[in-house]
Structure formats: C-alpha cells, structure tokens
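Take a look at the structure set out below.
Residue numbers (the working numbering): 433 to 523.
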C-alpha cells in the first residue's frame, strides 16, 4: 500500500481525503461493514447480510482493490477516525 498522500479536504477542513494506507485500511473496512453492507441500496436489494459468506467475499474484494494503491479514505480531523472510503481498482 502507498505511504500517506493527501488528496484534499472539505472547505471547512473538518474532513481530509488521503490515500489508503496500512494504518487506515481497517477503518475503511469498518465503514464498509457498518454502512455499505447494511444500508447501501444494492446490499439491501440482494439481502446481502442474510447470505452466508457474502460480506466476507466483498471484504476480500475490497482488500484486493486496496492493494492497487488508488483507494481513498476520508478522515475526521477532530477524531482521526475514517468516516468514508472509496475502494478503487485498476484493471
């Protein structure tokens, strides 16, 4: 994974966007687990959480994407917590 690389921030500076690193990977996965798997329309539509192994497969896909070094996290500056993530893949 790449080293820290800032991409920008919100106008008020409350959220910073940066390349995902080994240190922010788990926070990015937590965002996926706690919001995307539960609330994203496509996840709800296919009833993702009721399918055995489905969320684990999607986590593995996210980990694979993270290795490409083009995934981005949003960090709450006041807490240092990852509050958003975009897992990106180069093909």
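Think of the CB as a built atom: it goes at the ideal place given N, C-alpha and C, for glycine as much as any other residue.
query: Taking residue 518 as the reference, give the member of 494, 508, 512 with the closest Cα.; result: 494
query: Return the first residue and the last residue of the beta strand (DSSP E) that residue 506 is part of.; result: 504-508
query: Indicate whether the contact test is met: 3 or more Cβ pairs, each with one atom in the stretch 485-493 and one in the stretch 436-451, closer than 8 angstroms.; result: no
query: Within a Cβ cutoff of 8 angstroms, which residues of the same chain sit near residue 464, ignoring the five residues on either side of it in sequence?; result: 490, 491, 494, 517, 519
query: To the nearest angstrom, report how far apart residue 441 and residue 523 are at their CA atoms.; result: 27 angstroms
query: Among all the DSSP beta bridges, which residues are the ones paired with residue 441?; result: 448
query: Restricting to Cα atoms, I'd like to know which of 439, 466, 443, 521 is closest to residue 500.; result: 521
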